[in-house]
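*Asks:* To start, I am sharing the structure in question, which I have written as structure tokens.
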Amino acid sequence: MGEDIREAARAHLVPHFTRASAWQSPDLPVIVRGEGCYVYDDQGRRFLDGLSGLFCVNIGHGRSDIAAAAAKQMETLAYATNWSAAHPASIEAASLIAGLAPGDLDAVFFVSSGSEAVESAIKFARQYHRSQGQAGRTKVISREMSYHGTTMGALSVTGLPSYREPFEPLLPGVFHVPNTLGATVPPGGSARDLACVEAIEEVIEREGADTIAAIFAEPVQNGRGALVPPEGYWAELRAICDRHGILLVADEVINSFGRLGRWFGVEREGVVPDLLTFAKGSTSGYAPLGGLIARRPLVDRLFEAPDGMFSHGATWGGHPVSTTVAIANIHALADEHVLDNVQANAPRLAAGLNELVGRHRVLKEVRGTGYFYALELMADSETGRELTHDQSTSLLRSVLPAAMRKVNLLTRPDDRGATMLVLAPPLIADAAVVDELLGQVDAVLDEAGRFVNG
Ligand SMILES: Cc1ncc(COP(=O)(O)O)c(C=O)c1O
């Protein structure tokens, strides 16, 4: 069965973002079952899920209560739309999410993925401005090395050159400004003076404020490795948008539903964006769901305009089973105090990772917060020697995957702007799981060090 199933995968299943050589490998993981923080492959091997699937299985694997809620919904009403009619599951899920979201982020538009959520935010921003007599506001500002999805609009907002290039030309009028990597506010200084903030003002000045629809940013940016913004950065984004009539969009596809120890990442910043996109953790991956949360007055103004509607939708948007799963998942996260677990154990994870920086010369820096970290590698932190291109390629493609496999860890080596290992365990990971993860990462770094420095 083991080889047959891989043979069938090679013959018929086209992988996402996976090199053909990895897909052909006899080591291709075939995951068949999950339980808590662990998944099992077709040979019965148990792996710690160090990336929560793909930053999504926040509540952990194998919840029969969520499965039961989905099954009951399928029996009661498998499908109904959110076009011209509504159904109880999407209404309840929207109310629940609106109740958790900060400020007047009260209006929820459901789709089925993060890319569609970002796509919806681009379209909402454009149509909103048009409805307010500002049809010229079509441009978007986002950040270098950011990932916002793969559909053509979301990909246009994405700031990763290698993801964009095969599909150019993309949407015109998208400008990528420096992200917050390395940005620190000096004592007594202001975030306003940061180069990454000034760059935004420069684009607005150059292009004209009345041509800019929106600024997109993740509270903690994943592309380029868990970039935690300096204090005051988000307040500056808010102030810039207010000054120029631009919509501020927080892309929280990864950050929301507890990843940073709060329901939404913007809570860390004390800022209410105009639009907020979510997906992954909203259902903990038990069903596909994404969405856009808008400030209520924006939707009201759009609805009061002559056309009186958001001209956008999809068959699966607000699907009864997905929204039922979101309700069950959010209740479980709340009732079981899962966000408190993240807040309680994140310092242990952070301290353990920072301790590894001192012990492994291949570890340059650890960034992140909550249950979301990136480990950036180099050749030798003592001498300041960076990895060669070939070393980096070998680490990413063979050394790190093999080392992770050896210790039964599933996570992702990341090449977006540096050589990195990303960690985002399920939010139910307790101190023992955190310690196990730290031990595994320690062993993986040992292997990486041996490969680079002998
Ligand atoms: C910040 C961000 N936005 C958008 C997306 C796209 O989400 P999806 O893969 O569900 O389309 C992702 C996916 O990882 C993401 O991290």
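Quick note on numbering that gives the first Met the number 0: the sequence shown kicks off at 0 and runs consecutively.
Backbone N, C-alpha and C define an ideal beta-carbon position, used for all residues, glycine too.
If you're wondering where the values come from, they're calculated on a predicted model, not measured in any experiment.
#1: Could you check whether the Cβ of T368 sits closer than 7 Å to any heavy atom belonging to ligand 1?
#2: Distance, Cα to Cα, I4 vs E197?
#3: Taking 7 Å as the cut-off, does the CB of T149 come closer than this to any heavy atom belonging to ligand 1?
#4: Quick one, are the C-beta atoms of G244 and N254 less than 8 Å apart?
#5: Pairs of beta-carbons, one from the region 135–150 and one from the region 330–347, closer than 8 Å: are there three or more?
#6: Leaving out five residues before and five after E34 in sequence, what residues of the same chain have Cβ atoms less than 6 Å from its Cβ?
#7: Taking Y232 as part of the alpha helix (DSSP H), name the residues at either end of that continuous run.
#8: Using only CA atoms, which one of P14, A93 and T282 lies nearest to I65?
#9: Determine which residues share a DSSP beta bridge with D40 and list them.
#10: What residue range does the beta strand (DSSP E) around H459 cover?
#11: Do you know how far the Cα of N81 is from the Cα of D434?
#12: Using DSSP with H/G/I as helix, E/B as strand and the rest coil, what is F309?
#13: Is V196 near ligand 1, going by C-beta to nearest heavy atom under 7 Å?
#14: Using C-beta distances below 8 Å, list every residue in its chain close to L394, excluding the 5 sequence neighbours before and after it, in chain order.
#15: Is D103 near ligand 1, in the sense that its beta carbon is under 7 Å from a heavy atom of that ligand?
#16: Reducing DSSP to helix, strand and coil, say where E364 ends up.
#17: Can you name the start and end residues of the alpha helix (DSSP H) that K405 belongs to?
#18: What separation, rounded to the nearest whole angstrom, lies between the Cα atoms of R45 and Y39?
#19: Determine which residues share a DSSP beta bridge with E375 and list them.
#20: Closer than 7 Å to a non-hydrogen atom of ligand 1 - does that hold for the CB of A278?
#21: Please state whether DSSP places F109 in a helix, a strand or coil.
#22: Can you check which of these residues, H128, E118, P296 and G307, is closest to F109 by C-alpha distance?
#23: In its own chain, which residues sit with a C-beta less than 7 Å from the C-beta of D528, not counting the 5 before and 5 after it?
#24: Whose CA, out of K405, S397, F123 and D273, lies closest to the CA of A100?
#25: What does DSSP give as the partner residue(s) for P412 in the beta ladder?
#26: Our contact map puts Y370 next to L426 with C-beta atoms below 8 Å; I'd like the distance itself, whole angstroms only.
#27: Ends of the alpha helix (DSSP H) at T323?
#28: Please tell me whether, using a cut-off of 7 Å, the distance from the CB of E143 to the nearest non-hydrogen atom of ligand 1 is below it.
#29: Please classify M144 as buried or exposed, where buried requires at least 16 other C-beta atoms within 10 Å of its C-beta.
#30: Would you check whether ligand 1 has a heavy atom nearer than 7 Å to the C-beta of A153?
#31: Buried or exposed for A85, please, with buried defined as at least 16 other CB atoms from any protein chain shown within 10 angstroms of its CB.
#32: Just checking N221 against ligand 1 - is the residue's beta carbon closer than 7 Å to any of the ligand's heavy atoms?
*Replies:* On the basis of the coordinates in this document:
#1: no
#2: 53 Å
#3: yes
#4: no
#5: no
#6: H60 and G61
#7: Y232 to H243
#8: T282
#9: I30
#10: No information on residue 459 is available, as it lies outside the stretch 0 to 453 that the chain covers here.
#11: 45 Å
#12: coil
#13: no
#14: L376, L386, P412, T418, A447, F450 and V451
#15: no
#16: strand
#17: L399 to K405
#18: 5 Å
#19: E364 and M419
#20: yes
#21: strand
#22: E118
#23: Nothing about residue 528 can be read from this structure; the chain reaches only from 0 to 453.
#24: D273
#25: L420
#26: 6 Å
#27: P319 to D334
#28: no
#29: buried
#30: yes
#31: exposed
#32: yes
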